[in-house]
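Only one structure is covered here, and it is reproduced in the block below.
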Amino acid sequence: MKQSSNIKKLISPTFKSKKPDSATVGKEESNEWFCSLYQRNKCQHKNDHTAVVKGKMRYALHICATCWQKEDKKIQHPECSQECPSRLM
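Here's what the structure looks like:
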């Protein structure tokens with residue numbers, strides 16, 4: 001029995017399903033997306049702009065992806081910024 005309980009402990013975390021977060025699901029269906037290049041300070045655009053996201057033209061916002069996904073707040077700093085309160089979470 002010890003072997004089967006050890007195996008179960010090893011397998012269990014791998015197969016756990018995670019329910020999708022309702023805030024995340026809403027973002028995927030939205031017409032607004034965060035600019036992934038802005039998150040790393042690599043975007044050449046000064047403001048929000050259109051960009052190809054998942055093969056489609058989308059409106060990309062210059063907001064922190066982490067704050068938007070975790071806190072549902074559109075804050076204008078990149079997620080790599082020292083200003084980001086979500087970096088410490």
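Going by UniProt numbering, the first residue of the sequence shown is number 1, and it counts up by one from there. A virtual CB, placed ideally from N, CA and C, is assigned to each residue, including glycine. Quantities reported herein were computed from a predicted structural model and do not represent experimental measurements.
Can you tell me the Cα-Cα spacing of residue i and residue j, whole angstroms?
{"i": "residue 51", "j": "residue 87", "result": "25 Å"}
{"i": "residue 61", "j": "residue 40", "result": "14 Å"}
{"i": "residue 31", "j": "residue 55", "result": "14 Å"}
{"i": "residue 36", "j": "residue 45", "result": "12 Å"}
{"i": "residue 48", "j": "residue 59", "result": "7 Å"}
{"i": "residue 80", "j": "residue 57", "result": "25 Å"}
{"i": "residue 69", "j": "residue 42", "result": "20 Å"}
Quick one: what's got a C-beta closer than 7 Å to residue i's C-beta in the same chain, skipping five residues either side?
{"i": "residue 77", "result": "64, 83, 84"}
{"i": "residue 71", "result": "86"}
To which residues of the same chain is residue i closer than 6 Å at the C-beta, ignoring the five residues directly before and after it?
{"i": "residue 27", "result": "Confidence at residue 27 is low in this model, with a pLDDT of 49, below 50, so the placement of that residue is unreliable and no value is reported for it."}
{"i": "residue 67", "result": "73, 75, 86"}
{"i": "residue 53", "result": "33"}
{"i": "residue 25", "result": "Legend: pLDDT at residue 25 = 43, less than 50; position of this residue unreliable, no value from coordinates given."}
{"i": "residue 38", "result": "62, 78"}
Ordered list of beta strand (DSSP E) runs contained in the segment 24-89, each at least 3 residues: 32-34, 49-53, 56-61
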